[in-house]
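Enquirer: Everything in the sequence shown is counted per my numbering, starting at 7 for the first residue and increasing by one.
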Amino acid sequence: TVQVNSVTAINIKRILFDVDFTLMLDWQDPSAMGLSVKEIEAMTSFNPEVVIDNAVDNDQPLAGGCSAPRPNRLVDGVCPDGHLKKTNRYRLSLTCNGLDLRAFPFDTQILPIRLKARKGTLKPTEKDASDVILVGP
7 TVQVNSVTAI NIKRILFDVD FTLMLDWQDP SAMGLSVKEI EAMTSFNPEV VIDNAVDNDQ
67 PLAGGCSAPR PNRLVDGVCP DGHLKKTNRY RLSLTCNGLD LRAFPFDTQI LPIRLKARKG
127 TLKPTEKDAS DVILVGP
């Protein structure tokens with residue numbers, strides 16, 4: 007899920023815009039069932055990393071975000087169902103394909119946030135992530 011907090015500084019000459027958004031990833035990982043928060047943070051089997059494909063410079067989240075997955079809920083200190091999440095906030099300048107300003111000031115624009123999965127690697131001894139199920143809103 008992507009929550010757009012604000013869009014500012016639309017630059018029609020450079021075809022850029024500044025955006026502040028929160029990216030929330032949710033998934034079900036059976037290997038996390040019954041694990042504590044510390045055990046989940048140490049897991050290496052599945053930890054999605056996202057690249058903002060149309061970022062101008064930096065595509066890194068703001069400080070204070072999640073680098074490791076965390077349980078959606080805890081029961082008696084453990085994750086009961088393997089439902090994990092990772093939430094990060096971004097403030098970036100992004101490019102767009104073009105702006106149609108013929109109807110300005112009554113125009114509407116599509117300003118894309120293009121997300122890509124960063125290619126990850128699993129060590130041969132690590133669990134395959136094929137049992138992971140993405141959870142939608």
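Glycine included, every Cβ here is placed at the ideal spot set by N, Cα and C.
Within the continuous beta strand (DSSP E) that includes A15, where are the two ends?
Expert: The residue labelled residue 15 in the question sits at position 9 within the sequence shown. Note, A15: beta strand (DSSP E), 8–17.
Enquirer: Does the contact criterion of 3 or more C-beta pairs under 8 Å hold for the stretch 20–29 versus the stretch 93–103?
Expert: yes
Enquirer: Nearest by alpha-carbon distance to Q115: which of G104, K122, R124, A123 is it?
Expert: For the purposes of this step, residue 115 is taken as the residue at position 109 of the sequence shown. It is G104.
Enquirer: Of all the beta strand (DSSP E) runs that stay within the bounds of the stretch 23–77, which reach a length of 3 or more residues?
Expert: 56–58
Enquirer: Checking the sheet assignment: what are the DSSP bridge partners for L98?
Expert: Taking the sequence shown and counting its residues from 1, one reaches residue 98 at position 92. Answer is V25.
Enquirer: Can you find at least 3 beta carbon pairs, one from the stretch 29–49 and one from the stretch 62–81, that sit closer than 8 Å?
Expert: yes
Enquirer: Please classify A109: does DSSP put it in a helix, a strand, or coil?
Expert: Counting from one through the sequence shown, the residue named residue 109 turns up at place 103. Note: A109 maps to coil in three-state DSSP.
Enquirer: Taking buried to mean at least 16 other C-beta atoms within 10 Å of its own C-beta, is F112 buried or exposed?
Expert: The residue you call residue 112 lines up with position 106 of the sequence shown. The residue in question, F112, is exposed, as its Cβ has fewer than 16 Cβ neighbours within 10 Å.
Enquirer: Output yes or no for whether 7 Å exceeds the beta carbon distance between S42 and G88.
Expert: For the purposes of this step, residue 42 is taken as residue 36 along the sequence shown, with counting starting at 1. For the purposes of this step, residue 88 is taken as residue 82 along the sequence shown, with counting starting at 1. At a Cβ-Cβ threshold of 7 Å, S42 and G88 do not count as neighbours.
Enquirer: Report the three-state DSSP secondary structure of T93 (helix, strand or coil).
Expert: For this step, residue 93 is matched to residue 87 along the sequence shown. Of the three classes helix, strand and coil, the one that applies to T93 here is strand, per DSSP.
Enquirer: Just reading off the beta strand (DSSP E) that L80 is part of, what are its end residues?
Expert: On the sequence shown, position 74 is the one that residue 80 refers to. Run containing L80: none; DSSP gives neither H nor E here.
Enquirer: With K122 and L31 assumed to form a contact (beta carbons below 8 Å), what rounded beta-carbon distance in angstroms separates them?
Expert: Mapped onto the sequence shown, residue 122 falls at position 116. Mapped onto the sequence shown, residue 31 falls at position 25. No, K122 and L31 are not in contact; Cβ-Cβ is about 13 Å, not under 8 Å.
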